[in-house]
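Colleague:
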Amino acid sequence: LFAHSGLVDARDETFDSSKIRVDESTRVLFSATAAEANDPRPEAMLKAVRDRGGKSLFLRFVESLGARPSRDTILAAISTTIAWGPLMRKRISRLTAETLPWYLRLYGVMIGASIPARHHQHGSLCGISREERFSRWSMADVLFLALTGKKPTEAEARPLQILIGLLISNGPGSISAQGAKGAVAADGPQTPSRVQINKAMVGFLTHSGYSHGGNGFEGMAFLLEQFKDADLKEPTDRNHGLDLKAMATRFAEAYKEEKLQSKESGLDGPRALPGVHHPIFKGKPINYDPRERFIAEFMEKRGDYNIFHAFYRELVQALYETGASRYVFCVNVDAVIAALLLAVLWKDYRSGGLTEKDLETAAFNVFLYGRMIGAAAEIDDHLNRGRNMDTRTPQERCAFVV
Numbered sequence: 001l002f003a004h005s006g007l008v009d010a011r012d013e014t015f016d017s018s019k020i021r022v023d024e025s026t027r028v029l030f031s032a033t034a035a036e037a038n039d040p041r042p043e044a045m046l047k048a049v050r051d052r053g054g055k056s057l058f059l060r061f062v063e064s065l066g067a068r069p070s071r072d073t074i075l076a077a078i079s080t081t082i083a084w085g086p087l088m089r090k091r092i093s094r095l096t097a098e099t100l101p102w103y104l105r106l107y108g109v110m111i112g113a114s115i116p117a118r119h120h121q122h123g124s125l126c127g128i129s130r131e132e133r134f135s136r137w138s139m140a141d142v143l144f145l146a147l148t149g150k151k152p153t154e155a156e157a158r159p160l161q162i163l164i165g166l167l168i169s170n171g172p173g174s175i176s177a178q179g180a181k182g183a184v185a186a187d188g189p190q191t192p193s194r195v196q197i198n199k200a201m202v203g204f205l206t207h208s209g210y211s212h213g214g215n216g217f218e219g220m221a222f223l224l225e226q227f228k229d230a231d232l233k234e235p236t237d238r239n240h241g242l243d244l245k246a247m248a249t250r251f252a253e254a255y256k257e258e259k260l261q262s263k264e265s266g267l268d269g270p271r272a273l274p275g276v277h278h279p280i281f282k283g284k285p286i287n288y289d290p291r292e293r294f295i296a297e298f299m300e301k302r303g304d305y306n307i308f309h310a311f312y313r314e315l316v317q318a319l320y321e322t323g324a325s326r327y328v329f330c331v332n333v334d335a336v337i338a339a340l341l342l343a344v345l346w347k348d349y350r351s352g353g354l355t356e357k358d359l360e361t362a363a364f365n366v367f368l369y370g371r372m373i374g375a376a377a378e379i380d381d382h383l384n385r386g387r388n389m390d391t392r393t394p395q396e397r398c399a400f401v402v
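For the sequence shown, UniProt numbering assigns the number 1 to the initial residue and increments by one for each residue that follows.
1) Assuming contact is defined by CB atoms lying nearer than 8 Å, are residue 157 and residue 183 in contact in what I supplied?
2) Pull up the CB-CB distance for residue 166 and residue 331, whole angstroms please, since I reckon it's below 8 Å.
3) I'd like to confirm the pairing. Which residues does DSSP put opposite residue 105 in its beta bridges?
4) I need the DSSP call for residue 279, collapsed to helix, strand or coil.
5) Rounded to whole angstroms, what is the Cα-Cα separation between residue 392 and residue 178?
6) Determine the direct distance from the alpha carbon of residue 306 to that of residue 242, and round the result to whole angstroms.
7) Specify whether the region 339 to 350 and the region 276 to 286 touch according to this definition: at least 3 beta carbon pairs, one from each stretch, less than 8 Å apart.
8) Roughly how many whole angstroms lie between the Cα atoms of residue 47 and residue 117?
9) What would DSSP say about residue 135, mapped onto helix, strand or coil?
10) Let me make sure I understand the geometry here. Which of 64, 187 and 170 has the alpha-carbon closest to that of residue 372?
11) If you draw a straight line from the C-alpha of residue 224 to the C-alpha of residue 185, how long is it?
12) Check the C-beta distance from residue 159 over to residue 222 and give it rounded, since I have them as a contact under 8 Å.
13) Per DSSP, which residues does residue 404 bridge with? Please list them.
14) Taking the DSSP output, what are the residues bridged to residue 128?
15) Does the Cβ of residue 317 have 16 or more other Cβ atoms within 10 Å, making it buried, or fewer, making it exposed?
16) Give the straight-line distance between the Cα atoms of residue 121 and residue 266, rounded to the nearest whole angstrom.
17) What's the gap between the Cα of residue 50 and the Cα of residue 216?
18) Rounded to whole angstroms, what's the CA-CA distance from residue 234 to residue 20? Just pull it up for me.
19) Under a three-way DSSP split, which group does residue 474 fall into?
20) On a Cα-Cα basis, can you pick out the residue from 334, 189 and 324 that is closest to residue 378?
21) Could you give the DSSP three-state label for residue 50: helix, strand or coil?
22) Who are residue 286's beta bridge partners in DSSP?
23) Count the other CB atoms within 10 Å of the CB of residue 176; is the residue buried (16 or more) or exposed (fewer)?
24) Starting from residue 358, follow the alpha helix (DSSP H) in both directions and report where the run begins and ends.
25) Should residue 4 go down as buried or exposed, given a rule of 16 or more other Cβ atoms within 10 Å for buried?
26) I need the DSSP call for residue 120, collapsed to helix, strand or coil.
27) Are the region 73 to 83 and the region 348 to 367 in contact at 8 Å, needing three or more beta carbon pairs?
28) Where are the beta strand (DSSP E) runs, 3 residues long or more, that stay fully inside the region 218 to 242, in chain order?
29) So, for residue 340: in the same chain, excluding its five sequence neighbours on each side, which residues have a beta-carbon less than 7 Å away from its beta-carbon?
30) Which stretch, first to last residue, makes up the alpha helix (DSSP H) that contains residue 254?
31) From the DSSP secondary-structure annotation, give me the bridge partner or partners of residue 31.
32) Give the single residue among 91, 295, 52 and 319 whose Cα lies nearest to the Cα of residue 309.
33) Determine the closest residue to residue 148 out of 389, 261 and 360, with distance taken between C-alpha atoms.
34) If you draw a straight line from the C-alpha of residue 303 to the C-alpha of residue 237, how long is it?
35) Does the region 33 to 40 come close enough to the region 87 to 94 that 3 or more CB-CB pairs lie under 8 Å?
36) Grab me the residues of residue 45's own chain with a C-beta within less than 8 Å of its C-beta, minus the 5 sequence neighbours each way, in chain order.
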């Protein structure tokens, strides 16, 4: 309808759309059916956009048609508003713009499916009304609710924003990406209409598991062991009163002894320490995982603190100083993920509201929340540029996104 209208900015509600001709079949396509008569979401979604100060010519347009719009129509209008600028600048394809509403719907469904059924009530989720969630909440707020069943403060939601950014992808060759791209390749991206995005998302899920996604709990379990006897009430309070250096040194000395006993027994070696060391960021006198450093600097600038992250930094130094390691290992990004998530869930865990099994489930769910965004990008990439029965991405077409 708007392809040749001259519209540049989809947020320009003053654009004259009176010349856009809509026939009856198109009008029916945009209208709610009799079966949707009791669905409150179309009006709720429109109100939420207005409450947030959002502008959309496409929403104005569907409202002007004189019929009650369906939920899918509102979703399509919002999605097209988001996609219009990049589409006009040829940053994305028309196919990407057309499939965006479905990715958004699937992401919402997956988050909802991760919340126990007992928390789903008519018009509310975990006791939070639809109107409040639609009009004021961020995605990080919703994810905190999904993990804890509680409404977060801004400080509580912020670590989840960081976590989702960290977990979107770890490269085009990751197993979860292979599952998503394999499903696209099997349908045949050279004929995009054949590709079933639902199935590709199932491919991402089947290629996520304990080793790829589920092992995030190992770092949390390690931290729980170190802090099990600590009188720690608030992990984000710098004035916690604990001697982290002493705690780290005690563990490092015990670990050094464990290494010696392992060597004398002829075993392969002591247990690996989750969150410590990296196969690439190694070999220097002092080593860093650049992702961990970025998060540490980001948190420092904001004045944020995380005791578990601070403990990990003391630990790698103590391992070196006690002779348990030949150089200062890096604190890797898995440690950051474990530290951030455990800080979010710590008070509920210590109060008995969450069990270790709940923490393990939360660790896996957080991985899925972030990685589904990455999976959507992989699916879209292969849908636009892939070949039938081929999941490879040519090396020269790979790039870093900062």
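All C-beta atoms in this analysis are idealised placements derived from N, C-alpha and C, irrespective of residue type, glycine included. These numbers were taken from a predicted model, which means no experiment stands behind them.
Modeller: Looking at the coordinates:
1) Translated into the one-based positions of the sequence shown, residue 157 becomes position 157. Translated into the one-based positions of the sequence shown, residue 183 becomes position 183. Not a contact, by the Cβ cut-off of 8 Å.
2) Position 166 of the sequence shown, counted from the start, is the residue given in the question as residue 166. Position 331 of the sequence shown, counted from the start, is the residue given in the question as residue 331. With 8 Å as the limit, residue 166 and residue 331 do not qualify as a contact, their Cβ atoms being about 14 Å apart.
3) Sequence index remark: in the sequence shown, residue 105 carries index 105 (1-based). Note: residue 105 sits in no beta bridge, so no partner.
4) Within the sequence shown, numbered from 1, the residue matching residue 279 stands at position 279. Residue state, collapsed to three classes: coil.
5) The residue given as residue 392 occupies position 392 in the sequence shown. The residue given as residue 178 occupies position 178 in the sequence shown. One C-alpha to the other measures close to 9 Å.
6) Mapped onto the sequence shown, residue 242 falls at position 242. Mapped onto the sequence shown, residue 306 falls at position 306. When rounded, the distance between both Cα atoms is 13 Å.
7) no
8) Here residue 47 refers to the residue found at position 47 when the sequence shown is read from its first residue. Here residue 117 refers to the residue found at position 117 when the sequence shown is read from its first residue. Straight-line Cα distance between these residues: approximately 27 Å.
9) Numbered from its first residue, the sequence shown carries residue 135 at position 135. Three-state result, residue 135: helix.
10) Numbered from 1 along the sequence shown, position 372 holds the residue referred to as residue 372. It is 170 whose Cα lies nearest to the Cα of residue 372.
11) As a first step, residue 224 is located in the sequence shown; it is residue number 224 there, counting from the start. As a first step, residue 185 is located in the sequence shown; it is residue number 185 there, counting from the start. C-alpha separation (whole angstroms): 42 Å.
12) For this step, residue 159 is matched to residue 159 along the sequence shown. For this step, residue 222 is matched to residue 222 along the sequence shown. 18 Å between Cβ atoms; not a contact.
13) This structure cannot settle anything about residue 404, because the visible part of the chain is limited to 1 through 402.
14) Stepping through the sequence shown from its first residue, residue 128 is reached at position 128. Paired residues: 125.
15) Residue 317 sits at position 317 when you count from the first residue of the sequence shown. Buried, by the Cβ-count rule.
16) Translated into the one-based positions of the sequence shown, residue 121 becomes position 121. Translated into the one-based positions of the sequence shown, residue 266 becomes position 266. Going from the Cα of residue 121 to the Cα of residue 266 covers about 58 Å.
17) Numbered from 1 along the sequence shown, position 50 holds the residue referred to as residue 50. Numbered from 1 along the sequence shown, position 216 holds the residue referred to as residue 216. Rounded to the nearest angstrom, the two C-alpha atoms are 39 Å apart.
18) Start at 1 with the first residue of the sequence shown, and residue 234 comes out as number 234. Start at 1 with the first residue of the sequence shown, and residue 20 comes out as number 20. Taking the straight line from one Cα to the other gives about 58 Å.
19) Coverage of the chain is limited to positions 1 through 402, which leaves residue 474 absent and any answer about it impossible.
20) Residue mapping note: residue 378 aligns to position 378 of the sequence shown, counting from 1. The option with the nearest alpha carbon to residue 378 is 189.
21) Position 50 of the sequence shown, counting from 1, holds the residue named residue 50. Three-state result, residue 50: helix.
22) Locating residue 286 in the sequence shown gives position 286, counting from the first residue. According to DSSP, which records beta bridges pairwise, residue 286 is partnered with 328.
23) Sequence index remark: in the sequence shown, residue 176 carries index 176 (1-based). Buried.
24) Start at 1 with the first residue of the sequence shown, and residue 358 comes out as number 358. Element bounds for residue 358: 356 to 385.
25) Within the sequence shown, the letter at position 4 stands for residue 4. So residue 4 counts as exposed.
26) Here the question's residue 120 lines up with position 120 in the sequence shown. In this structure, residue 120 counts as strand in the three-state DSSP scheme.
27) no
28) none
29) Start at 1 with the first residue of the sequence shown, and residue 340 comes out as number 340. These residues qualify, in order along the chain: 159, 162, 163 and 306.
30) Translated into positions along the sequence shown, residue 254 becomes position 254. Its alpha helix (DSSP H) spans residues 244 to 264.
31) Sequence index remark: in the sequence shown, residue 31 carries index 31 (1-based). For residue 31, which the question treats as bridged, DSSP gives the partners 69.
32) Against the sequence shown, residue 309 aligns to sequence position 309. For residue 309, the nearest C-alpha among the options comes from 295.
33) The count along the sequence shown starts at 1 and reaches residue 148 at position 148. Checked all of 389, 261 and 360; the closest Cα to residue 148 is 360.
34) Here residue 303 refers to the residue found at position 303 when the sequence shown is read from its first residue. Here residue 237 refers to the residue found at position 237 when the sequence shown is read from its first residue. Between residue 303 and residue 237, the C-alpha separation is close to 11 Å.
35) no
36) Residue 45 sits at position 45 when you count from the first residue of the sequence shown. Here the set comprises 71, 74, 75, 78 and 134.
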